[in-house]
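Scroll down for the structure; my scribbles are underneath it.
2 protein chains.
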Amino acid sequence: MDNFSFYNPTRIEFGKDKEQLIGQILAEQGVKKVLLTYGSERIKRDGLFATVSKSLDKHGISFVESGGIVSNPVLSKVREAIATAREHKVDAILSVGGGSVLDSSKAIAAGTLHDGDVWDLFLRKAPIDAALPVFAILTLAATGSEMNNGAVVTNEATKEKFAIGSVHTFPKVSIVNPALMQTVSRDYLVYSAADIIAHSIEGYFTARVQPTIQSRLVESIIKTVIESTEALLADPHDYDARAEFAWASTLALNGITHAGTAGFGYPNHMIEHSLSALFNVPHGAGLSVVIPAWAKWYHAHASNPRPAQFERFAQQVFGLKTAEEGIAALEKWFDKIGTPTRLSQLGITEAQLPTTIDNVLGNAQWFGLAGTYTRDAVTDILKQAL
Amino acid sequence: MDNFSFYNPTRIEFGKDKEQLIGQILAEQGVKKVLLTYGSERIKRDGLFATVSKSLDKHGISFVESGGIVSNPVLSKVREAIATAREHKVDAILSVGGGSVLDSSKAIAAGTLHDGDVWDLFLRKAPIDAALPVFAILTLAATGSEMNNGAVVTNEATKEKFAIGSVHTFPKVSIVNPALMQTVSRDYLVYSAADIIAHSIEGYFTARVQPTIQSRLVESIIKTVIESTEALLADPHDYDARAEFAWASTLALNGITHAGTAGFGYPNHMIEHSLSALFNVPHGAGLSVVIPAWAKWYHAHASNPRPAQFERFAQQVFGLKTAEEGIAALEKWFDKIGTPTRLSQLGITEAQLPTTIDNVLGNAQWFGLAGTYTRDAVTDILKQAL
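Taken in order, these protein sequences are the chains called A and B.
Heads up, the first sequence is in our numbering, so the first residue is 6 and it goes up one at a time.
Heads up, the second sequence is in our numbering, so the first residue is 6 and it goes up one at a time.
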């Protein structure tokens with residue numbers, strides 16, 4: 006096991022009706038005025054906005070709005086919200102939405118207190134020295150952003166999808182009410198399943214050092230995602246399945262499964278970020294296309310430090326025997342639940358591969374994976390996914 | 006899944022040589038003077054004390070000592086250390102030892118800032134409003150105290166073994182270096198294995214609500230404990246096994262496995278606390294005696310809300326089929342590693358049962374289990390364990 010530091014101060018308030026506590030939670034933390042960030046106007050139609058504003062009102066907390074955050078959130082919106090946050094001198098950000106809203110909120114929180122352009126933080130031109138406190142009400146379980154300090158934003162001008170993370174960008178409190186996720190579309194449910202599985206397997210397969218207990222935790226999460234996704238496809242109102250799915254999503258990327266592992270990368274995310282940056286495909290849909298192609302390539306590749314892990318995966322997750330069977334079973338399961346497994350399903354053609362490959366190679370340096378993911382390697386993987 | 010709050014702000018510094026960071030960590034937190042708590046003089050013989058004092062020295066942190074804390078730590082020692090902490094106006098407690106030293110340190114930390122006797126906190130006569138910050142260097146993995154806010158102390162005068170816990174008593178930083186645990190005796194290793202398994206199964210078996218994902222996490226921990234204990238019995242210097250064991254121990258009681266569960270109790274701990282309070286047996290040794298007897302009784306008892314969980318345990322942990330086979334396999338495994346499974350092995354005779362039962366019934370109200378654990382029930386369980 007490798008040496009590690011684990012620190013995660015985010016408080017999770019999980020369960021039915023927890024969003025009603027938001028005013029009280031903010032008041033306890035001394036917050037007086039928040040920037041309320043959200044995506045579509047859906048939260049105004051479905052009553053969540055009313056619940057939140059009533060709770061804020063009750064505790065004397067005022068708010069300004071910054072809505073319209075899109076999935077694969079964009080830098081221009083983050084910059085606009087930072088201007089609003091500064092103008093109104095808010096003392097916290099309240100994110101009401103999924104991972105895109107929350108990632109944007111973390112960037113807004115850090116950007117508001119940064120003396121300069123927020124994109125400098127993504128380019129590591131400046132450190133994150135402080136951030137406004139971020140609070141979240143989660144409406145989609147997928148990214149794990151509710152219990153980690155990471156935030157991914159796309160610069161539309163440069164077509165770069167980059168990440169920040171700092172001890173200052175952990176959400177203070179994240180409210181996760183699975184009941185709020187019952188209206189998530191069937192498509193976004195299965196994309197989210199692919200996203201959680203992607204978070205689970207990146208370290209599991211690529212870490213140079215991978216303790217057995219951590220493999221077991223990851224397999225527990227993946228089995229839960231498979232089981233609860235199927236239950237939700239059968240009955241979207243199955244609260245317990247929704248809750249197991251949501252908690253699995255949180256655990257997949259809150260640091261617990263990465264403790265003691267070493268030398269792992271995010272190759273599937275690296276490749277997918279190019280698909281969503283260039284073609285604006287849903288992140289999870291891009292991942293379910295990349296993962297099987299990547300796995301087939303990586304399993305046999307010289308850079309794989311632990312090829313036997315693929316057999317372990319086949320056995321523990323699917324009750325199968327060989328690496329190939331395990332990878333095929335995962336691809337088949339993606340097909341079964343209806344998340345894409347081919348670039349063609351995303352509308353991406355062979356003619357678009359060169360641009361895509363260039364973009365991936367641009368990402369590779371930021372992901373620290375340039376050595377392994379050469380032009381030939383990325384070409385092999387993406388051709389496999391056509 | 007039940008509603009839950011999860012909050013655990015303890016930072017874990019895990020791995021080789023991490024104890025050398027203690028001075029730096031304390032300095033970063035603004036600490037100038039600590040009460041250094043420990044157990045036997047072993048830490049002075051094996052060099053750990055020298056390492057720690059050198060690191061403190063280097064960062065200009067002074068310390069006063071409070072050694073001699075025994076396993077099953079006692080109230081008189083906590084009171085004495087509180088007097089020392091007050092006299093020397095320390096601004097933090099540094100625990101160097103196992104769970105007993107750390108539990109005592111949390112009680113000292115809260116007691117020092119409590120205006121009155123520390124035992125009042127255990128009796129709930131006063132709330133814990135504040136505590137000095139606690140830092141830990143762990144030398145034994147068993148209790149999970151390094152990443153939770155609980156502390157158990159025995160009042161020798163009244164023969165009561167009670168617990169406190171508060172948001173103020175989480176350790177700030179816990180250093181867990183598995184290499185420091187290589188000198189733990191064979192006996193204490195196997196007692197510790199029983200303790201971790203006890204932490205894992207209390208909720209797993211008794212919770213009224215138990216999400217499947219949480220069962221999977223618990224099974225991951227138990228399988229790791231079984232595997233790593235056997236590896237360590239074969240080779241006490243197997244660092245990776247020591248590390249897997251230590252991390253499993255931390256995860257077993259840091260709150261993660263209890264999220265979303267509801268209505269669970271600590272019946273095995275309730276019964277064992279009487280054994281260690283009355284007969285001063287090692288806590289883990291008491292637990293390995295109680296668990297099989299309790300499981301046989303509880304599996305068939307009307308108060309068991311989910312009898313099928315025992316079959317799940319048999320299947321997932323031991324690859325067996327029936328509840329009875331699973332319980333027998335666990336008892337057999339305790340026998341195999343050499344932790345006791347009979348009261349007679351602890352030197353406790355049938356003649357001592359009445360006193361023991363009285364003490365357990367005294368605990369039952371504090372554990373919130375008085376309704377189920379009647380005199381008849383406790384008698385049945387303890388007779389089974391003779």
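Using N, Cα and C, we set each Cβ at its ideal position, and we do this for glycine too.
As the structure is a computational prediction, the values presented were derived from the model and not from experiment.
Sequence ranges, beta strand (DSSP E) only - wholly within the segment 60 to 145 of chain B, length at least 3: 67 to 71, 97 to 102, 139 to 143
Fully enclosed by the segment 326 to 364 of chain B, which alpha helix (DSSP H) runs are 4 residues long or longer? 328 to 342, all fully within the segment 326 to 364 of chain B.
From A/Arg213 to B/Gln320, what does the alpha carbon distance come to, in whole angstroms? Our two residues, A/Arg213 and B/Gln320, have alpha carbons roughly 31 Å apart in a direct line.
Using a 10 Å radius around the Cβ and a threshold of 16 neighbouring Cβ atoms, would you call B/Gln370 buried or exposed? exposed
Beta-bridge pairing of B/Phe167 - partner residues as DSSP gives them: B/Val158
Sequence ranges, alpha helix (DSSP H) only - wholly within the segment 13 to 55 of chain A, length at least 4: 27 to 33, 47 to 50
B/Glu355 to B/Ala390 span [Cα, whole Å]: Here the alpha carbon of B/Glu355 sits roughly 10 Å from the alpha carbon of B/Ala390.
With B/Ser279 and B/Pro345 assumed to form a contact (beta carbons below 8 Å), what rounded beta-carbon distance in angstroms separates them? Contact flag wrong, Cβ pair sits at about 16 Å.
Please name the residue, chosen from B/Ser109, B/Val106, B/Arg84, that lies closest to B/Gly121 on a Cα-to-Cα basis. B/Arg84
If we define contact as Cβ-Cβ less than 8 Å, is B/Ala248 a contact residue for chain A? It does; some Cβ of chain A falls within 8 Å.
Quick check: is the beta carbon of A/Ala253 nearer than 8 Å to any beta carbon in chain B? yes
Pairwise C-alpha distance: B/Pro138 and A/Lys177: For A/Lys177 and B/Pro138, the distance between alpha carbons rounds to 20 Å.
I'd like to know whether the C-beta of A/Ala162 is nearer than 8 Å to at least one C-beta of chain B. Output row for A/Ala162: interface = no.
Roughly how many angstroms separate the alpha carbons of A/Ala333 and A/Pro297, rounded to a whole number? C-alpha separation (whole angstroms): 8 Å.
Where A/Thr117 and A/Leu99 are concerned, what is the direct C-alpha to C-alpha distance, given to the nearest angstrom? 14 Å
Identify whether B/Val178 lies in helix, strand or coil by the three-state DSSP scheme. strand
Less than 8 Å between the beta carbons of A/Val95 and A/Val69, yes or no? Going by C-beta atoms, A/Val95 is nearer than 8 Å to A/Val69.
First through last residue of the alpha helix (DSSP H) which encompasses B/Phe315: 313 to 323
Spell out whether any CB of chain A is found under 8 Å from the CB atom of B/Phe140. No, because no Cβ of chain A sits closer than 8 Å to the Cβ of B/Phe140.
From B/Asp192, B/Glu18, B/Thr377, pick the residue whose C-alpha is nearest to that of B/Glu151; which is it? B/Glu18
Under the three-state DSSP convention, the category B/Ala267 falls into: Strand at B/Ala267.
Less than 8 Å separating the beta-carbons of A/Thr360 and A/Leu283? yes
Would you verify that the beta carbon of B/Thr234 is, or is not, closer than 8 Å to some beta carbon of chain A? no
Considering only DSSP beta bridges, list what A/Phe9 is partnered with. B/Phe19
Distance between B/Ser205 and A/Gly20 (C-alpha atoms, nearest Å): 23 Å
Step through the CB atoms of chain B and report whether any lies within less than 8 Å of the CB of A/Lys23. It does: the Cβ of A/Lys23 has a partner Cβ on chain B nearer than 8 Å.
Residue ranges of each alpha helix (DSSP H) within the segment 198 to 239 of chain A, 4 or longer: Segments of the alpha helix (DSSP H) lying fully in the segment 198 to 239 of chain A: 217 to 239.
I'd like the list of long-range same chain contacts for B/Ser81, defined as Cβ closer than 7 Å, with 5 residues on each side in sequence excluded. Within the same chain, Cβ atoms closer than 7 Å to the Cβ of B/Ser81 are found at Glu161, the five residues on either side in sequence being excluded.
What does B/Thr217 reach in chain A if we use C-beta pairs closer than 8 Å? Thr229, Glu232, Glu249
In chain order, what residues of the same chain lie with their CB nearer than 7 Å to the CB of B/Asn273, ignoring the 5 residues before and after it? In its chain, beyond the 5 residues on either side, Ala203, Glu207, Leu292, Val295, Ile296, Trp299 have a beta carbon closer than 7 Å to the beta carbon of B/Asn273.
Using the Cβ count rule (16 or more neighbours within 10 Å means buried), how would you classify A/Ala147? A/Ala147 comes out buried.
Contacts of B/Glu18 in chain A (Cβ-Cβ under 7 Å): Those are Ser10, listed as they occur along chain A.
On the DSSP letters alone, give me the boundaries of the alpha helix (DSSP H) that A/Pro297 sits inside. In this chain, the alpha helix (DSSP H) harbouring A/Pro297 covers 288 to 304.
Check B/Asn259 in the structure and name its three-state DSSP category. coil
Rank A/Val39, A/Asp340, A/Gly268 by C-alpha distance to the C-alpha of A/Ala97 and give the top, closest one. It is A/Val39.
Does the beta carbon of B/Ser197 come closer than 8 Å to any beta carbon on chain A? no
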